[in-house]
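Residue numbers for the sequence shown follow the numbering used here, so the first one is 312 and each next one is one higher. One structure is given here, and the rest of the page talks about it.
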Amino acid sequence: MKLVDSVSRMTTLAKMLKKEGKSIGFVPTMGYLHEGHMSLVKAAKKHTDVVVMSIFVNPLQFGPEEDFEKYPRDIKRDEALAGDAGVDVIFYPSVRDMYPEGYATYVNVESLTGSLCGHQHPGHFKGVTTVVAKLFNIVKPDVAYFGQKDAQQVIVIKKMVRDLSMDIEIRAMPIIRETDGLAMSSRNLYLSEDERRSALALNQSLEKALSLVEAGERNSENVIKAIKEFIARKPLVRIDYVSIVDMKDLKDVSDISGEVLVALAAFVGKTRLIDNIIIKV
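Right under this line is the structure:
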């Protein structure tokens, strides 16, 4: 496994792989790897010749009050896990290399980013799309793999790829959960034992929503109310948002039909976690 720590060297390597006729599978991450990331690597290994993983904590997608400085980082740990999973190349650039002095160019998807996490955290997706566009240009992947836990991010990136005519396939892979149902996240590290138990309410409330819809409930307000009431029983959890939106345009729906995304974010203690479920009616 190679560790590449500069943009220029990664670009050169990607060009060389392309000349050799190798397909590149790309797994972008912010590090502190877990089984969710490994599931993306596993998929990439099945379908492409060379798997490149980026590890880069992107400052552009963190708000001024968010946890950029304390976001967990452990490159040695990540190297070991990535190597065991079969990653061929880790791209590990510095912030200065990605955003040199005078950097002034950004990518912004104007639709799809005003709801859900975008509504609560303005500018977040501008940071996401900017860094992903840069990474795509540097790594030159044929296929890029993203986790469904960040459902809005996947939809936004697919829109960016279509709109900018990028010749890249985006594959969304299922959410990987702990045995008790908690969606895997690097931020789970922040949770105390009590908070970890309380965090289970997120997935459990989504399962309740699915049960209600399967029993015939189609009114979004009723389902959202049930989710909020369920989570409210947990004293350590504070809801950020709960929404039911159309999968195509991420607009709120009043009646549940077709394919909808039930998405939520909540603070468990001081840690913000997200989760979602796709429901097809």
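C-beta: ideal position from N, C-alpha, C; glycine also. Being a predicted model, the structure only gives us computed values, none of them experimental.
query: Cβ shell of residue 551 (< 8 Å), same chain only, five flanking positions each side left out; result: 431, 575, 576, 577, 578, 583
query: Residues sharing a beta bridge with residue 458, DSSP; result: 484
query: Which of helix, strand or coil DSSP assigns to residue 383; result: coil
query: Beta-bridge partners of residue 570, as assigned by DSSP; result: 591
query: Inter-stretch contact at 8 Å, needing at least 3 Cβ pairs: the region 347-356 / the region 470-486; result: yes
query: Opening and closing residue of the alpha helix (DSSP H) in which residue 438 lies; result: 435-450
query: Counted within 10 angstroms of its Cβ, other Cβ atoms place residue 330 as buried (16 or more) or exposed; result: exposed
query: Own chain partners of residue 383 with C-beta closer than 7 Å, once the 5 adjacent residues on each side are dropped; result: 343, 497, 500
query: Nearest to residue 527 (by Cα), restricted to the options 536, 539, 568, 320; result: 568
query: Contacts around residue 336, its chain only, beta-carbon distance under 6 Å, and the 5 residues preceding and following it disregarded; result: 355, 359, 362, 454
query: Distance CB(residue 486)-CB(residue 469) smaller than 7 Å; result: no
query: Cβ-Cβ distance between residue 571 and residue 590 below 7 Å; result: yes
query: Alpha-carbon to alpha-carbon, residue 531 and residue 443; result: 33 Å
query: Secondary structure of residue 546, DSSP reduced to three states; result: coil
query: Distance between beta carbons of residue 547 and residue 505, contact taken as under 8 Å; result: 6 Å
query: Secondary structure of residue 465, DSSP reduced to three states; result: helix
query: Sheet register partners of residue 583 (DSSP bridge); result: 578
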